[in-house]
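Undergrad:
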Amino acid sequence: MIDDNSFKVTLIKALEHKANSNPSFGTDKMWEVIMTLPRCNLYIEETGIFTRREWNTYCSILHIQAPIDKQDSFIKEKDKILDIAESIYGRQGDNYLTNIDIGILIEHYEVIDFSSISLTEVIAKAIADAELLMSQGKYDSAFDRVHTAFHGYLRKVLENRNVLFEESDTLSQLYNKLHADISANIGPTPIAELMKTSLRSASGIVASINDMRNRHSLSHPNEVLLHNREAEFAIRLIKDLSDYINSIV
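For what it's worth, the numbering used here labels the leading residue of the sequence shown as -2, then goes sequentially.
Shown next, in the form of structure tokens:
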């Protein structure tokens, strides 16, 4: 019998091949199915129900548990999916694949911990908002709150270190002042200069994060918004930067 994971991998490849070779098959909905399938649960259930196709043959059911926000695409394309899946399955023992069931995937989202930068009540509130949004998988919305928390954190660290800054300073300006100040705390180790260079280079990352927030987040009425994947990536970059800063201040 075909194991479920091998079947899923083969199904994805077959759908992708058909979508590339046949434009009418490769609709936007189908491509969404193809891109989502890797994170879906998929298994095949063998039943004792006769197929009425051949004597003494039984039905197998393809179960796909997909994220709730992708359900419409899977339901719309289920007949196409089943058609390809049937051709892959063929006959397994006394079973034919005859049905497909689209279920809801129970998703668990990682809440990225920013408690280490919770230096003020305002920062703590922004972090609490971000944690709630992340627990719901809304990284695109959480990104703005994490940006707010990181901005407040940089200001507070500069204040604690008696480094002057302007109230109007952007995230990039605050970070540049901080990395210039904390570089002296990186000990004389063989990699010290490399780490200092890395901190300076991270200015470009911080500038990009700031642009993403101002031009592509829900903080302003922007037309082109960050997707969840990119927002989560940006949040993790902020997490790594803040953790390293905390370790040396």
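Backbone N, C-alpha and C fix where the C-beta goes; we use that ideal spot for every residue, glycine too.
Nothing here was measured: the structure is a model prediction, and the numbers come from that model.
For K193, which residues of its own chain have a beta-carbon under 7 Å away from its beta-carbon, when the five flanking residues on both sides are left out?
TA: S180 and I183
Undergrad: At what residue ranges does the segment 186 to 240 contain a whole run of the beta strand (DSSP E), taking only runs of 3 or more?
TA: none
Undergrad: May I have the straight-line CA-CA distance separating F4 from I85, to the nearest angstrom?
TA: 8 Å
Undergrad: In the DSSP assignment, the alpha helix (DSSP H) including Y172 goes from what residue to what residue?
TA: L168 to I179
Undergrad: Only counting the same chain, and skipping five residues up and downstream in sequence, which positions put a Cβ closer than 7 Å to that of I109?
TA: So the qualifying residues of the chain are M131, I232, R233 and K236.
Undergrad: Which runs of the beta strand (DSSP E) fall wholly inside the segment 61 to 130 and span at least 3 residues, in chain order?
TA: 92 to 101
Undergrad: If you draw a straight line from the alpha carbon of I242 to that of A16, how long is it in whole angstroms?
TA: I242 and A16: Cα-Cα distance of roughly 47 Å.
Undergrad: How is the beta strand (DSSP E) around L39 delimited, first residue to last?
TA: N38 to F47
Undergrad: Among all the DSSP beta bridges, which residues are the ones paired with L59?
TA: I41 and I97
Undergrad: Straight-line CA distance for N25 to V6?
TA: In the sequence as displayed, the identity of residue 25 is Asp instead of Asn. Roughly 20 Å between the two C-alpha positions.
Undergrad: From D98 to L34, what does the alpha carbon distance come to, in whole angstroms?
TA: 14 Å
Undergrad: Going by the beta-carbon positions, is the gap between V203 and S165 smaller than 7 Å?
TA: No; because the gap between Cβ atoms is not below 7 Å, this pair is not in contact.
Undergrad: Do you know offhand how far E190's Cα is from T167's?
TA: 26 Å
Undergrad: Roughly how many angstroms separate the alpha carbons of S112 and E128, rounded to a whole number?
TA: Cα-Cα distance, rounded: 10 Å.
Undergrad: How many angstroms separate the CA atom of Y40 from the CA atom of A199?
TA: 44 Å
Undergrad: If T48 sits next to Y106, beta carbons under 8 Å apart, how far is it from one beta carbon to the other, in whole angstroms?
TA: At roughly 40 Å, the Cβ-Cβ gap does not stay under 8 Å, so T48 and Y106 are not in contact.
Undergrad: For L161, count the other beta carbons within 10 Å of its own beta carbon; 16 or more makes it buried, fewer makes it exposed. Which is it?
TA: exposed
Undergrad: Let me know the secondary structure DSSP gives T33 once reduced to three states.
TA: helix
Undergrad: Within the same chain, show all residues whose beta-carbon is closer than 8 Å to that of L8, passing over the 5 residues directly before and after it, in chain order.
TA: The answer, listed in chain order, is L34, L39, I78, I81, A82 and I85.
Undergrad: Which stretch, first to last residue, makes up the alpha helix (DSSP H) that contains D0?
TA: Looking at the DSSP string, D0 is not in any alpha helix (DSSP H), and its letter there is neither H nor E.
Undergrad: Give the C-beta separation of Y55 and E42 to the nearest angstrom, bearing in mind that I take them to be a contact with Cβ-Cβ under 8 Å.
TA: Incorrect: roughly 11 Å between the Cβ atoms, too far for contact.
Undergrad: How should N207 be labelled, buried or exposed, when 16 other C-beta atoms within 10 angstroms of its C-beta is the threshold for buried?
TA: buried
Undergrad: From this set, P20, N19, P185 and K10, which residue's C-alpha is nearest I31's C-alpha?
TA: K10
Undergrad: So with Cβ pairs under 7 Å, would you call T33 a contact of chain B?
TA: As a matter of chain content, chain B is missing from the structure shown, which is built from one protein chain.
Undergrad: Counting only the same chain and skipping the five closest in sequence on each side, list residues whose C-beta sits under 8 Å from that of K153.
TA: L116, T117 and I120
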